[in-house]
């Protein structure tokens, strides 16, 4: 694993641990969401479970769409799956792209960026506010009335 990817993974795990101190998180690890097999080297080979075995997104208000590696011009497919899904879930993003790059690619106000907050506690306070205030929650969903996501090959983008 590359050094920058290791740092990114550590940063992601630290954010989850810190955030869990201030807000209830349901974190499903690969082991909990996936079937593990052993390959010829004795390492675990992870195979995704079918969607019907994953917890329903309708049970959640937010989804941690954190990057587990640092790649330029890349947003995790988890982010796009949340946006294109039928569930009203707000992705929380952290990772490879800058805030400006997210603004250029994603529909406006369709996500919450970790870098907009001074600490995990500050982020958790905002999440509590959004959940308890219908107008604030709907602010992050208004983009659905103005934008449509479209697929172009393997790429997903926005269209006005």
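In the UniProt record's numbering, the protein residues as written are 1 to 160.
Where a beta carbon is used, it is the ideal one built from N, C-alpha and C, also for glycine.
If I measure Cβ to Cβ from residue i and keep anything under 7 Å in the same chain, skipping five residues before and after, which residues do I get?
i	result
residue 110	83, 140, 143
residue 65	76, 78, 79, 82, 91, 92, 93
By Cβ distance below 6 Å, which residues in the same chain neighbour residue i in space, the five residues on each side in sequence not counted?
i	result
residue 67	76, 95, 96
One question on the structure: do residue i and residue j come within less than 8 Å of each other, judged by their Cβ atoms?
i	j	result
residue 123	residue 25	no
residue 147	residue 136	no
residue 127	residue 62	yes
residue 114	residue 15	yes
Mark residue i as exposed unless 16 or more other C-beta atoms lie within 10 angstroms of its C-beta, in which case mark it buried.
i	result
residue 17	exposed
residue 102	buried
residue 46	Per-residue confidence for residue 46 stands at a pLDDT of 36, beneath the threshold of 50, marking its modelled position as unreliable; no derived number is given.
What does residue i pair with, by DSSP beta-bridge criteria?
i	result
residue 94	66
residue 112	92
Alpha carbon to alpha carbon, how far is residue i from residue j?
i	j	result
residue 100	residue 108	11 Å
residue 118	residue 149	31 Å
residue 120	residue 89	19 Å
residue 125	residue 22	8 Å
residue 145	residue 138	11 Å
residue 116	residue 87	24 Å
residue 134	residue 112	16 Å
Can you determine whether any heavy atom of the ligand HEM sits closer than 7 Å to the C-beta of residue i, and answer yes or no?
i	result
residue 16	Here there are no bound small molecules, and the ligand HEM is not part of this structure.
Under a CB-based cut-off of 8 Å, is residue i close to chain D?
i	result
residue 81	Considering every chain present, this structure includes no chain D. It has just one protein chain.
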